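Asks: Dropping the structure in here first, questions after.
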Amino acid sequence: MVSLSVPLALLLDVDGPIASPVTRDVQPRIIRDLLRLATGGIPVIFNTGRSDTFIKEQVMGPMIAAGMSPETRIHAICEKGAVWFSYTADGATALHVDSSLAVPKAFADDIRTLVAQDYASHMFFDETKHAMVSVEQRLDVSTADYKAGQELFDAQALELMFRHGLTALRVDPTIISTDIESVRLGKDLGASRAVELLAAAHIVPQAWRTVGDSRTDYAMADWLHHHDHEVKHVDVRPADGVPDKPYQILTAADLGLDPDVIHDDAGAAFLAKWLDMMAG
């Protein structure tokens, strides 16, 4: 079968660039522009620590409701590479789960109990994960209060992890959650799965744009660059510090926007820019 060359492929973190870390939902303009890009032949692939359930409810459902064309296919790599699926206007394909990357059930049960007994006022246990263990900030809790509780929780989770003898796991805190996961998981694994998914469809991007809001998201562009793909990384929260990389890094300031424009507002601006480039 002849391969299809496309000018650009998008590899997108979800929390931050696409979904608001405050409300957890996705702006209608972002849904609209993602659909326009995908319908125009630009591969759209989500690479997230979120579960398949979150993607189906917050992204897939709104995209289908907005009028997704029957030919459009979106890929979603969840739980940092452990879970993946695709979807069309007809809904989701079969879910793939790499069970070799899953956290042991006994440990997950202990974390669930810890949250229920000591931290339920600050966070909740994410029951939708297949491989990772995640706890997330409650929407009615302030960032400052959550951070204070998160630090205590992370320390106890690490102690539990060692008590179970799980040296191949790590505790990974974010601005709204803590993930406990296999050390083999990461946005780099997600990037490799993204390339495999497009290769299986005989799609060859001439270049990639990776988009994220944390330092760990740079692993997407790191992996692509290391494997000789042309890539630029978009950082929608550069105040955390922009590292020195061998590829170009873009921020809202590169679009002439106020540096205070971050997260999904910055993500929306970049989607609009790429649409303008396609039109031009």
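Once you know that position 165 of the sequence shown is 455 in the working numbering, the rest is easy, because the numbers rise by one and skip nothing. No residue lacks a Cβ here, since even glycine has one placed at the ideal position from N, Cα and C. Note that the structure is a prediction, hence the values are computed from the model and not measured.
Is it right to say Asp518 is buried, meaning 16 or more other beta carbons lie within 10 angstroms of its own, or is it exposed?
Replies: Translated into the one-based positions of the sequence shown, residue 518 becomes position 228. When all chains shown are included, Asp518 counts as exposed.
Asks: To the nearest angstrom, how far is the alpha carbon of Ala509 from that of Lys395?
Replies: Taking the first residue of the sequence shown as 1, we reach residue 509 at position 219. Taking the first residue of the sequence shown as 1, we reach residue 395 at position 105. Using only the alpha carbons, I get a separation of about 28 Å.
Asks: Hey, how far is the Cα of Val292 from the Cα of Ile335?
Replies: As a first step, residue 292 must be located in the sequence shown, where it is residue number 2. As a first step, residue 335 must be located in the sequence shown, where it is residue number 45. Their backbone Cα atoms lie some 22 Å apart in a straight line.
Asks: Going by DSSP, name the residue or residues bridged to Phe452.
Replies: The sequence position of residue 452 within the sequence shown is 162, counting from 1. Partner(s): none; Phe452 has no beta bridge.
Asks: If distances are taken between C-alpha atoms only, which option among Asp548, Met567, Ala372 comes closest to Leu475?
Replies: Along the sequence shown, read from residue 1 onward, the residue named residue 475 stands at position 185. It is Ala372 whose Cα lies nearest to the Cα of Leu475.
Asks: Taking DSSP's pairing of strands, which residues face Glu471 in a bridge?
Replies: Translated into positions along the sequence shown, residue 471 becomes position 181. Answer is Arg460, bridged to Glu471.
Asks: What's the C-alpha gap between Ala497 and Ser295?
Replies: Here residue 497 refers to the residue found at position 207 when the sequence shown is read from its first residue. Here residue 295 refers to the residue found at position 5 when the sequence shown is read from its first residue. Spanning the two alpha carbons is a distance of roughly 10 Å.
Asks: Report the CB separation of Arg499 from Leu298 in whole angstroms; it is logged as a contact under 8 Å.
Replies: Mapped onto the sequence shown, residue 499 falls at position 209. Mapped onto the sequence shown, residue 298 falls at position 8. Right, their Cβ atoms sit about 6 Å apart.
Asks: Buried or exposed for Leu442, going by 16 or more other Cβ atoms inside 10 Å?
Replies: Looking up residue 442 in the sequence shown gives position 152. Answer is exposed; the Cβ neighbour count stays below 16.
Asks: In the structure shown, what three-state DSSP assignment does Tyr537 receive?
Replies: On the sequence shown, residue 537 is found 247 positions in, with the first residue counted as 1. It is coil, neither helix nor strand.
Asks: Which word fits Arg527, buried or exposed, when buried means at least 16 other C-beta atoms lie within 10 angstroms of its C-beta?
Replies: Position 237 of the sequence shown, counting from 1, holds the residue named residue 527. Flag for Arg527 reads buried.
Asks: Would you say Leu325 touches the ligand PLP, meaning its beta carbon is less than 7 Å from a heavy atom?
Replies: As presented, the structure is devoid of all ligands, the ligand PLP included, so that no description of it is given.
Asks: Whose CA, out of Gly339, Arg402, Gly531, Gln427, lies closest to the CA of Ala447?
Replies: The count along the sequence shown starts at 1 and reaches residue 447 at position 157. Of Gly339, Arg402, Gly531, Gln427, the residue nearest in Cα terms is Arg402.
Asks: Could you spell out where the beta strand (DSSP E) holding Thr378 opens and where it closes?
Replies: If you number the sequence shown from 1, residue 378 lands on position 88. Here the beta strand (DSSP E) through Thr378 covers 373–378.
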